[in-house]
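Encoded as structure tokens, the structure appears first; notes follow it.
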Amino acid sequence: MKRLFAAFFAILLIPACLFGCAPSYFVKSDAVFAGIVLDVKLYGGNPEKAYEEMVSLATEINGAISLGEPDSAINAFNESDSGKKIPVIRRVYDLVRLAKTAYAETDGAFNPCLPDVSKAWGVDNDGIATGNPPAVFPTEEELNALRAVANPDLVKTDADNGNYYISKNADGVKLDLGGIAKGYLADEFKAIAERYNVVSGCISLSGNVILIGRYKEGDSERDWGVGITDPREKHAYVCGFYTQGGVSVVTSGDYERYYFSDGIRFCHVVDPFTFTPTGVERTDSGFAQKTDYVISATVRGASSSKCDALSTAVMVLGAEKGAELLERQGYDGIIFTADKKMKVVGKFDFATSQTGYTEYERI
Ligand code: ADP
Ligand code: MG
């Protein structure tokens, strides 16, 4: 598993922690596979059945797309020659199409064809798991050799009479759906919950949150409270806000999956333009930490897969360009940078109980 579903607890829900939970909610928190935790609070309908179906779907998708599973369809694609059609389940076909769309909509900032770049830097799952830098850092020449194939336009999808295939137009093209898979699953979980008549709920897949209906408290209802983990202070929220249901909230950040080398933080999101981990730049003498890079990007909107792709893209683009992208796409966002700036897109009803963000200068 692991690789695609990077364990990442960026968002924690305030209702669970600050207000307690109404006893009538079906509450469950379990690892659905190593490192990925599915937290649900579901009210109404048949939440047990809904939960069961969510776990089985997560297992199925993970088996199909994980880079850590040698037999996964995505690994078969990654190892395949140009032109060879790899049969996939419809959901993988859908997911690949979503990833290609995200690439187009973010002007290339979201790029699902970087697994070899991540590996070269040791920020893929196996590398990060060691907690250390790779034995040698990749040279610019080595990375440049990967540029031609880091192109999702070279990935083809075909549907034919209920059969689904993916193939590549050039040898060496590879996929890594880790930046969007949890969002895709969260959207599917929402559909499952609604099919089982859940009327109020919060589903969190290691940081990808889906909110359904309104939060129930005794006989009354109110908006959901969502807390964003402080990117520099473990077990604290940098801010909290209230929000209606029917939306997803997704955070991407540099503080769960990273290693340090000479005091420089290398995180698991790769800049597809510079081919370095976001927040790192090459200098004449080695590497330097960028001063103003994004350390936490939260995106709120209707589709969780889109929030997931956009939050990763904002990490790449930086606060200003990232905010412009969110505005163009009609998604809200809260962005924090390493030099203590905060950029907000859209209207947020901030909770006065969480004040960490006041240390950041609003830009
Ligand atoms: P997480 O999965 O930790 O919640 P993200 O949604 O930001 O975080 O996804 C990061 C993952 O996406 C990486 O672990 C890697 O698999 C993949 N990835 C890295 N850089 C990019 C990028 N620029 N575009 C798309 N996917 C990326
Ligand atoms: Mg993402």
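For the sequence shown, the numbering used here assigns the number 22 to the initial residue and increments by one for each residue that follows. Don't be surprised by glycine CBs; every beta carbon is placed ideally from N, CA and C.
Problem - heavy atom of the ligand ADP below 7 Å from LYS195 C-beta - result: In terms of side-chain proximity, the C-beta atom of LYS195 is found no nearer than 7 Å to any non-hydrogen atom of the ligand ADP.
Practice task
Return yes when at least one heavy atom of the ligand ADP lies under 7 Å from the C-beta of PHE131, else no.
Solution key: Yes - the ligand ADP has a heavy atom lying nearer than 7 Å to the Cβ of PHE131.
Practice task
Assign SER332 to one of three DSSP states: helix, strand, or coil.
Solution key: It is helical.
Practice task
Taking all protein chains shown into account, decide if GLY152 is buried (16 or more other Cβ within 10 angstroms of its Cβ) or exposed.
Solution key: Result: exposed.
Exercise for the section: Taking VAL230 as the reference, give the member of SER306, THR319, GLU254 with the closest Cα. Expected result: Nearest option by C-alpha distance: THR319.
Problem - Nearest candidate by alpha-carbon position, reference GLY274, set GLU209, LEU232, LEU338, TRP245 - result: Ranked by Cα distance from GLY274, the first of GLU209, LEU232, LEU338, TRP245 is LEU338.
Practice task
Name, in chain order, the residues that DSSP records as bridge partners for ALA318.
Solution key: DSSP lists SER273, ILE356 as the beta-bridge partner residues of ALA318.
Problem - Range of the contiguous alpha helix (DSSP H) that encloses PHE98 - result: Residues 94-100.
Practice task
Check LYS265 in the structure and name its three-state DSSP category.
Solution key: Looking at the sequence shown, residue 265 is not Lys but Gln. In this structure, GLN265 counts as coil in the three-state DSSP scheme.
Handout entry: Unbroken alpha helix (DSSP H) run spanning GLU388, endpoints
Key = A query on residue 388 cannot be resolved here, the shown segment of the chain reaching from 22 to 384 and no further.
Handout entry: Within 8 Å, strictly: CB atoms of ALA85 and ALA79
Key = Going by C-beta atoms, ALA85 is not nearer than 8 Å to ALA79.
Handout entry: beta strand (DSSP E) runs wholly inside the stretch 68-129, at least 3 long, in chain order
Key = The beta strand (DSSP E) runs of length 3 or more contained entirely in the stretch 68-129 are, from start to end of the chain, 107-109.
Practice task
For PRO136, name the three-state secondary structure that DSSP assigns.
Solution key: The three-state secondary structure of PRO136, taken from DSSP, is helix.
Practice task
Buried or exposed for ALA125, please, with buried defined as at least 16 other CB atoms from any protein chain shown within 10 angstroms of its CB.
Solution key: Residue environment: ALA125 is assigned as exposed (fewer than 16 neighbouring CB atoms within 10 Å of its CB, all protein chains considered).
Practice task
Identify which residue in GLY234, GLU302, LYS189, VAL117 has its Cα closest to the Cα of ASN218.
Solution key: Answer by Cα proximity: GLY234.
Practice task
Kindly examine the ligand COA and report whether one of its heavy atoms sits closer than 7 Å to the Cβ of ILE355.
Solution key: Because the ligand COA does not appear in the structure shown, any question about it cannot be addressed here, the ligands present being the ligand ADP and the ligand MG.
Handout entry: Test item: CB-CB of VAL157 and HIS289 under 8 Å
Key = Cβ atoms of VAL157 and HIS289: not closer than 8 Å.
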